[in-house]
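There are 2 protein chains.
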Amino acid sequence: MNTEADYLNQYDASRFPSPLVTVDSVLFTLHQQALCILVVERANHPQKGYWGLPGGFIDMARDDSTRATAMRKLTEKTGVSPSWLEQLDTFSGPDRDPRGWSLTVTWFALIAWADCEPHIASVSDARWVPIARLADYSLAFDHQKIITAALHRLRQKTMYSLLPVYCLPETFTHGQLQEATEVILGQSIQRKSLIRRFEASGMFEETGESMATGTRKARLWRRKPGVDIHLFSRNLLTD
Amino acid sequence: MNTEADYLNQYDASRFPSPLVTVDSVLFTLHQQALCILVVERANHPQKGYWGLPGGFIDMARDDSTRATAMRKLTEKTGVSPSWLEQLDTFSGPDRDPRGWSLTVTWFALIAWADCEPHIASVSDARWVPIARLADYSLAFDHQKIITAALHRLRQKTMYSLLPVYCLPETFTHGQLQEATEVILGQSIQRKSLIRRFEASGMFEETGESMATGTRKARLWRRKPGVDIHLFSRNLLTD
DNA sequence: CGAATAGTGTCTGTAAGACACTATGTT
DNA sequence: AACATAGTGTCTTACAGACACTATTCG
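Chains as they are written, first to last, in the numbering used here: chain A, 1 to 239; chain B, 1001 to 1239.
Structure, rendered in structure tokens:
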């Protein structure tokens, strides 16, 4: 007799060698017209003292998916949940970690700077780094490659959606969204095109309030609750 | 003294519990105007007798990435390398496999039916199933969910690239590409639009040969060697 | 020649790019 | 009032949709 129940009774996972599994996230924000990434100084070996992405091991007792692991680690470092969190890619191989064959499930996240600044300012090991300054940091493992992939994803999605709103505070103006989009894409865009898309997306509602960012007051908007992101069928900046 | 070398000397991966890690692929092809997926009958527990995606454990001695694992498993089942292979997503959680907390890195692949039919016909455990017939099969684990994600990816990419060419033989006609695209999208498309994109992509060259699929002979084309896939800035079928 | 599929010409429709214009608030 | 930023009107451009047209091959 050899039922599945018999098999499972005798099954011992520790008999099989397994890769080292981690979860890492690339969290972006915008601050002072710069696109920034959250990096953490490594307190332990391996690569102690290097800077790395926020992440770590899965806690199988608490996490019911790698999304939960990513969320838990980001919340530990920032004090809040990211506004946007999607899976990026899985990186693996025998040489990327000195402890052996390893695999990291990576996530791509966005948050408003103001939402987490108080918490980040209070912990010394996490820091926002403008992407133009990343070269000043010694990054652990293949984290530079992961960041490059995340940046590519962010720029692609910015071309066919209004993803940058997830880098903004709960209420925001057209001007702030335009600035966010321009910082991410690294070039100026047509305000008219952005506003046309903003309206067509059906994702937003006016708060009724307005705010003076420049000289004239600008209307404030928020994301409609429960409304999903809208994907456009054409890209911005199609050159 | 506590150097990284000391740390690595004392490091014992087996002390830490680790999720069960697998790699699974969704391989699509086109046959007789139907979009098909390769499924394999499970010879061992768990879920023995159910059908599942081609995949399995990482062989850390031989595979230098999960891509290599996916490629190795697909080659075992089909006899050839897929024409297209990209990472899809990672699925994880405590309940998806009865052996415990598990994680599968999934890949999305395309191949021409004729390239692997001789090999598949010779092995009894692998089978092409038209997606409309998947309901007739008892699928293992969360493989239905993985297939749904792969199908979504295939359809999306078909809207903004000529990805379906990777389901065709090395040389093919405009008509075959149109048929492939229509089968994948489940609706007819404008031949003129397809040919405009085909030319604009710069991905193809004429073989000089032609072929009678219908009454009149059609020109044969192939992918230019070393040329990457072209992504269009607008979608087809934007309704 | 007619039938069927291969392939082209060209008009329409839609949404982005460009940019001038008007509106509103601050000094 | 001057000015700077908010927001609109509208022309142009690029490319997909529609569909009629011509071309080729076979019976």
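For each residue, glycine too, the CB sits at the ideal point set by N, CA and C.
Please go through the same chain and pick out, in chain order, the residues whose beta-carbon is closer than 8 Å to the beta-carbon of residue i, but skip the five residues on each side of it.
{"i": "Glu1182/B", "result": "Ser1188, Ile1189"}
{"i": "Leu88/A", "result": "Val26, Thr106, Trp107, Phe108, Ile146, Ala149, Ala150, Arg153"}
{"i": "Arg216/A", "result": "none"}
{"i": "Thr1090/B", "result": "Leu1103, Thr1104, Val1105, Thr1106"}
{"i": "Thr1075/B", "result": "Ser1081"}
{"i": "Leu100/A", "result": "Residue identity check: residue 100/A is Gly in the sequence provided, not Leu. Answer for Gly100/A: Pro19, Leu20, Pro94, listed in chain order."}
{"i": "Arg1072/B", "result": "Asp1059, Arg1062, Asp1063"}
Among residues of its own chain, excluding the 5 on either side of residue i, which ones have a beta-carbon nearer than 6 Å to its beta-carbon?
{"i": "Arg96/A", "result": "Ser102, Phe141, Asp142"}
{"i": "Pro1098/B", "result": "Pro1046"}
{"i": "Leu139/A", "result": "Trp51"}
{"i": "Ala1070/B", "result": "Val1023, Ser1025, Trp1107"}
{"i": "His1119/B", "result": "Thr1078, Gly1079"}
Quick one: using the 10 Å Cβ neighbour count with 16 as the cut-off for buried, is residue i buried or exposed?
{"i": "Gly186/A", "result": "exposed"}
{"i": "Phe204/A", "result": "buried"}
{"i": "Ile195/A", "result": "exposed"}
{"i": "Pro164/A", "result": "buried"}
{"i": "Phe1245/B", "result": "In this structure chain B extends from 1001 to 1239, so residue 1245/B is not present and cannot be described."}
{"i": "Arg223/A", "result": "buried"}
{"i": "Ser92/A", "result": "buried"}
{"i": "Ala5/A", "result": "exposed"}
For residue i and residue j, which I take to be in contact (beta-carbon distance under 8 Å), what is that distance rounded to the nearest angstrom?
{"i": "Leu1236/B", "j": "Ser1193/B", "result": "7 Å"}
{"i": "Ser233/A", "j": "Arg219/A", "result": "About 27 Å; that fails the 8 Å criterion."}
{"i": "Gly1055/B", "j": "Asp1024/B", "result": "3 Å"}
{"i": "Gln248/A", "j": "Thr207/A", "result": "Within the shown structure, residues of chain A are numbered from 1 to 239, placing residue 248/A beyond reach of any answer."}
{"i": "Leu1110/B", "j": "Tyr1166/B", "result": "4 Å"}
{"i": "His1045/B", "j": "Tyr7/A", "result": "4 Å"}
{"i": "Phe57/A", "j": "Thr3/A", "result": "About 33 Å separates the two Cβ atoms, so there is no contact after all."}
Can you find the residues in the same chain that come closer than 7 Å, C-beta to C-beta, to residue i, ignoring five residues on each side of it along the sequence?
{"i": "Cys1116/B", "result": "Thr1078, Gly1079, Val1080"}
{"i": "Trp1113/B", "result": "Thr1029, Leu1030, His1031"}
{"i": "Asp125/A", "result": "Val40, Glu41, Ala43"}
{"i": "Arg127/A", "result": "Val39"}
{"i": "Ser161/A", "result": "Ile229, His230, Leu231, Phe232"}
For residue i and residue j, what's the separation of their Cα atoms in angstroms?
{"i": "Leu1030/B", "j": "Tyr137/A", "result": "49 Å"}
{"i": "Asp228/A", "j": "Arg42/A", "result": "36 Å"}
{"i": "Ala34/A", "j": "Thr66/A", "result": "29 Å"}
{"i": "Phe1198/B", "j": "Thr238/A", "result": "18 Å"}
{"i": "Glu1179/B", "j": "Cys1036/B", "result": "14 Å"}
{"i": "Val129/A", "j": "Ala1132/B", "result": "49 Å"}
{"i": "Gly52/A", "j": "Ser122/A", "result": "19 Å"}
{"i": "Arg62/A", "j": "Met1159/B", "result": "40 Å"}
{"i": "Pro1169/B", "j": "Phe172/A", "result": "52 Å"}
{"i": "Ser1014/B", "j": "Ser1201/B", "result": "50 Å"}
{"i": "Tyr11/A", "j": "Leu1085/B", "result": "32 Å"}
{"i": "Gln144/A", "j": "Asn1009/B", "result": "26 Å"}
{"i": "Trp1221/B", "j": "Arg155/A", "result": "33 Å"}
{"i": "Ala68/A", "j": "Arg1191/B", "result": "46 Å"}
{"i": "Lys157/A", "j": "Ile184/A", "result": "10 Å"}
{"i": "Ser1083/B", "j": "Pro1225/B", "result": "12 Å"}
Residue i: beta carbon under 7 Å from a heavy atom of the ligand GTP?
{"i": "Pro130/A", "result": "Of the ligands one can find in the structure shown there are none, so the ligand GTP has no counterpart to examine."}
Within 7 Å of chain A by C-beta, residues of the stretch 1141 to 1172 of chain B in sequence order:
none
At a CB distance below 7 Å, what residues from the stretch 1081 to 1113 of chain B approach chain A? Give them in sequence order.
Gln1087, Asp1089, Thr1090, Ser1092, Gly1093, Pro1094, Pro1098, Arg1099, Gly1100, Trp1101, Leu1103, Val1105
Which residues, in order along the stretch 39 to 51 of chain A, keep a beta-carbon less than 9 Å from a beta-carbon of chain B?
Asn44, His45, Pro46, Gln47, Lys48
Using a Cβ-Cβ cut-off of less than 7 Å, list which residues of the stretch 1064 to 1079 of chain B approach chain A; keep chain order.
Asp1064, Ser1065, Thr1066
Got a sec: which bits of the stretch 8 to 42 of chain A sit with their beta carbon under 8 Å from any beta carbon on chain B, in order along the chain?
Leu8, Tyr11, Ala13, Ser14, Phe16, Pro17, Ser18, Pro19, Leu20, Val21
Could you please tell me which residues of the stretch 225 to 238 of chain A, in chain order, have their CB closer than 7 Å to any CB of chain B?
Ser233, Arg234, Asn235, Thr238
Would you list, in chain order, the members of the stretch 197 to 209 of chain A that have their beta-carbon closer than 7 Å to a beta-carbon of chain B?
none
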